[in-house]
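Only one structure is covered here, and it is reproduced in the block below.
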């Protein structure tokens, strides 16, 4: 029993460390990419106007890789609404699974949600972890024997609900099972 609670707490801490490592103090760059093509040499007599290049492959790769943006987020734990300051949603195919991540773009909040589904269609939930700004951590891991989770998909909106282990990161030996519902819209 203690081993399972430590595993759930460890998963929540791993999520917190991952989110902290991926955070930055710099604001997101939403400007258009700069034109990096060199101007034509005024002395050149070569006409290159018929030579056009496109980079459709990069756009296609981005669409296949996933999506990122503000997205819609609603997080409820044990009947209480959880707020993530300035949420950034990232949804992406992750080696045969589908990863959903919500993190605060505000520096040093340490709050975020991570979920791994069996596929983009959300047939089953492999793992869920939430860390709040006040130090609460909620975790579920498939096969742990503690808690439960299920996912549904409606368009680009995923609803992940069930019961997870909640602990206070300031007192990691205390834990209980509570209901949760996370609704995230991927862009």
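Residue numbers (mature numbering (1 follows the signal peptide of the UniProt record, and there is no 0)): -28 to -1, 1 to 159. We treat Cβ as the ideally placed atom computed from N, Cα and C, and that holds for glycine.
Buried or exposed by the 16-neighbour rule on C-beta atoms within 10 Å, applied to residue i
i, result
"residue 101", "buried"
"residue 51", "exposed"
"residue 124", "exposed"
"residue 4", "No answer about residue 4 holds up, because its pLDDT of 38 lies below 50 and its placement is not dependable."
"residue 94", "buried"
"residue 152", "buried"
"residue 136", "buried"
"residue -28", "Only weak support exists for where residue -28 lies, its pLDDT of 39 falling under 50; the value from the coordinates is given anyway. Classification of residue -28: exposed, given that the 10 Å Cβ count is below 16."
"residue 67", "exposed"
"residue 119", "buried"
"residue 76", "buried"
"residue 57", "exposed"
"residue 104", "buried"
"residue 53", "exposed"
"residue 73", "buried"
Under the three-state DSSP convention, the category residue i falls into
i, result
"residue 106", "coil"
"residue 143", "strand"
"residue 114", "coil"
"residue 101", "strand"
Bridge partner(s) assigned by DSSP for residue i
i, result
"residue 136", "150"
"residue 119", "None; residue 119 has no bridge partner."
Cβ separation of residue i and residue j, assumed to be a contact under 8 Å, to the nearest whole Å
i, j, result
"residue 97", "residue 89", "6 Å"
"residue 70", "residue 92", "5 Å"
"residue 138", "residue 45", "Not quite, the Cβ-Cβ distance comes to about 19 Å (not below 8 Å), so this is no contact."
"residue 107", "residue 65", "Contact doesn't hold; Cβ gap of about 32 Å is too wide."
* In chain order, which beta strand (DSSP E) runs of at least 3 residues are fully inside the region 33 to 97? -> 38 to 41, 45 to 49, 52 to 54, 59 to 66, 69 to 76 and 84 to 89
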